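Per our numbering, the sequence shown starts with residue 20, numbered consecutively.
Note that beta-carbon positions come from the ideal geometry of N, C-alpha and C, so glycine has one too.
These numbers come from a predicted model, not from an experiment.
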Amino acid sequence: MRHPARIDIVPSELKAKPMHDEKVFRIARAGVAIDVIEYGARLQRCLVPDRHGVIADVVPGVERSSDYVERGGTMGAVLGRYGNRIGYGRIRIHDATYQLSRNDGDHTMHGGAGHFGTRWWRGAVHGPDSVVLELTSENGDQGWPGEMRARVVYTLTDQADLVIEMSAVCDQDTYVNMLFHGYWNLGGHASGSVAEHLLKVAADRYTPKGDNGLPTGELHNVADSPFDFRAPKRVGTDLAATGRGYAHNLCLRDHQEGHCRPAAWLLDPVSGRALILETDQPGLQIFTANSWSNLSGKDGAVYQAHSGLALESQQHPNTPNTPSFAPKLVRAGEMYAHRMVVRFRALGAEGAGAFFND
């Protein structure tokens with residue numbers, strides 16, 4: 020384990036408990052502050068005020084990079100080369116078939132064993148408002164073709180918006196689906212279940228899964244299903260109907276490549292903390308941390324199932340092997356880009372109606 024210095028440029032009133040044995044990049048603007056670490060290019064803390072100005076860290080996580088290394092998992096990480104599942108760990112590009120690392124039974128998850136969330140990225144503060152992290156993935160890494168140079172930029176704007184931009188360039192034709200696997204708990208990371216959070220998603224359809232866990236290739240209407248969040252709904256309303264909890268991909272409406280538009284609205288009614296997620300991707304994976312059980316977290320917190328909600332903008336799972344999802348190769352030398360914007364809000368007790376119509 021390396022022990023570089025801390026980089027801290029946050030106002031003193033927003034400082035959280037210091038971390039040790041790692042480099043922590045902190046930036047703060049407009050009352051919001053974030054900590055980013057190099058292991059997995061993770062968002063490790065996000066400090067946001069409530070309707071009374073009380074600040075809380077709204078991202079579940081653990082204290083140190085060494086904890087992430089020892090425990091595994093994907094909390095707060097940027098994943099790749101290809102987030103979510105690739106069926107049976109196989110892709111075909113032109114006339115060649117590539118066998119990828121399989122780390123999810125018969126399938127490849129998030130790019131394979133040793134995916135980007137398990138790597139030490141190279142980070143640096145860029146000006147007063149951004150953290151830039153870079154990673155090189157060699158040709159043949161987890162079975163993927165070509166040398167890839169990946170980049171993540173976290174930026175806080177003067178409107179208290181968190182912008183996460185993921186990009187990559189490869190020297191061979193390939194598929195790419197980098198995604199941010201952060202969890203949110205707007206009551207504060209230690210506040211318990213997110214079942215009472217209100218969620219709205221701009222999705223009329225979802226991708227049903229077969230018995231093998233892969234999407235069938237069909238697109239089903241969300242009407243009369245647990246996946247209908249077209250109007251604001253408690254996350255816990257239909258949680259039991261999903262089995263252990265949500266781990267499903269919704270198809271965002273009005274997708275245009277390269278165009279960022281509102282995709283999800285999330286509100287904690289108790290604190291008034293809220294966020295609007297915008298993205299340029301066609302899908303949104305909603306995941307309610309279904310396997311968490313007595314998980315030791317930051318500041319002495321203990322996380323249980325449903326203590327966090329991941330909203331992962333992405334391409335649909337297994338797109339390279341699903342013709343109906345219109346897979347698209349990223350050509351050699353072409354820039355892959357994925358942009359998401361998290362717009363934080365603090366709402367008064369009567370402000371929910373206008374927020375969900377924003």
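Spatial neighbours of residue i in its chain, beta-carbon cut-off 6 Å, leaving aside the 5 residues before and after
| i | result |
| --- | --- |
| Arg170 | Glu153 and Ser186 |
| Phe44 | Ile26, Val55, Gly142, Val144 and Val150 |
| Glu82 | Lys317 |
| Glu184 | Val172 and Arg358 |
| Pro251 | Leu217, Lys219 and Phe375 |
| Thr256 | none |
CB contact flag (residue i, residue j, <8 Å)
| i | j | result |
| --- | --- | --- |
| Thr341 | Gly236 | yes |
| Leu294 | Val361 | yes |
| Asp287 | His216 | yes |
| Tyr194 | Leu348 | yes |
| Leu296 | Leu328 | no |
| Val51 | Gln63 | no |
| Arg48 | Thr176 | yes |
| Asn240 | Pro336 | no |
| Asp190 | Glu157 | no |
| Gly201 | Gly95 | yes |
| Asp318 | Ala242 | no |
| Leu19 | Leu218 | Because the chain is modelled from 20 through 377, residue 19 falls outside the range shown and cannot be assessed. |
| Phe363 | Ala179 | yes |
| Ile105 | His126 | yes |
| Asp148 | Ile46 | yes |
| Val73 | Phe135 | no |
Closest residue to residue i among the options (Cα-Cα distance)
| i | options | result |
| --- | --- | --- |
| Met354 | Asn309, Asp243, Val188 and Gln275 | Val188 |
| Ile112 | Leu238, Pro339 and Leu366 | Pro339 |
| Ser343 | Cys270, Val97 and Trp311 | Cys270 |
| Arg168 | Glu276, Asp86 and Trp140 | Trp140 |
| Tyr101 | Gly162, Arg364, His267 and Asn313 | Gly162 |
| Asn231 | Met359, Ala373, Tyr107 and Gly130 | Tyr107 |
| Thr137 | Gly229, Arg61, Val43 and Arg109 | Arg61 |
| His129 | Ser85, Ala115, Gly99 and Thr174 | Gly99 |
| His274 | Arg253, Leu233, Phe375 and Gln333 | Gln333 |
| Asp223 | Pro301, Ala373 and Ala115 | Pro301 |
| Arg91 | Leu119, Tyr58 and Cys65 | The identity of residue 91 in the sequence shown is Gly, whereas the question assumes Arg. Taking only the C-alpha atoms, the option nearest Gly91 is Tyr58. |
| Phe248 | Tyr225, Ser120 and Pro234 | Tyr225 |
| Ala266 | Tyr87, Pro227, Ser85 and Ser84 | Pro227 |
For residue j and residue i, the rounded distance between their alpha carbons
| i | j | result |
| --- | --- | --- |
| Asp377 | Ile53 | 25 Å |
| Asp192 | Ala345 | 16 Å |
| Val321 | Gly133 | 27 Å |
| Asp123 | Asn103 | 10 Å |
| Arg70 | Asn204 | 15 Å |
| Ala221 | Leu181 | 20 Å |
| Glu89 | Phe246 | 34 Å |
| Val67 | Pro79 | 13 Å |
| Leu238 | Pro281 | 21 Å |
| Ala371 | Ala214 | 17 Å |
| Leu233 | Ser315 | 31 Å |
| Ser120 | Gly131 | 5 Å |
| Ala356 | Asn196 | 9 Å |
| Ala382 | Gly146 | In the structure displayed, the chain extends from 20 to 377; residue 382 sits before or after that span and is not available. |
| Asp86 | Thr93 | 12 Å |
Own chain partners of residue i with C-beta closer than 8 Å, once the 5 adjacent residues on each side are dropped
| i | result |
| --- | --- |
| Glu369 | none |
| Gly207 | Ala75, Asp76, Val77 and Ser290 |
| Ala373 | none |
| Arg350 | Asp192 |
| Glu276 | Asp299 |
| Thr155 | Glu166, Met167, Arg168 and Ala169 |
Cutoff 7 Å; reference residue i; Cβ partners in own chain excluding five residues on either side
| i | result |
| --- | --- |
| Gly264 | Leu258, Thr307, Asn309, Ala324 and His325 |
| His278 | Asp299 |
| Asp160 | none |
| Ala143 | Val151 |
| Gly367 | Arg70 and Gly291 |
| Ser312 | Gln323 and Ala324 |
| Gly229 | Thr235 |
| Pro30 | Caution applies to Pro30, whose pLDDT of 36 falls short of 50 and renders its modelled position unreliable; the value that the coordinates give is listed next. Here the set comprises Ala47. |
| Thr174 | Asp148, Ser149 and Val182 |
| Gln260 | Sequence check: residue 260 is Ala here, not Gln. Within the same chain, Ala260 has close Cβ partners Pro245. |
| Asp114 | none |
Beta carbon proximity, residue i to chain C, threshold 8 Å
| i | result |
| --- | --- |
| Asn313 | No chain C is present in this structure, which holds just one protein chain. |
- Minimum length 3: unbroken beta strand (DSSP E) runs contained in the stretch 162 to 201: 167 to 175, 180 to 189 and 198 to 200
- Query: At which residue ranges does the stretch 119 to 153 contain complete beta strand (DSSP E) runs of 3 or more residues, listed in the order of the chain?
  - Reply: 141 to 145
- Item | Runs of alpha helix (DSSP H) wholly within the stretch 48 to 130 (minimum 4 residues, chain order) | 84 to 90
- Message: Extract the residue ranges of the beta strand (DSSP E) inside the stretch 222 to 249, only unbroken runs of 3 or more that lie entirely within it.
- Response: 222 to 225
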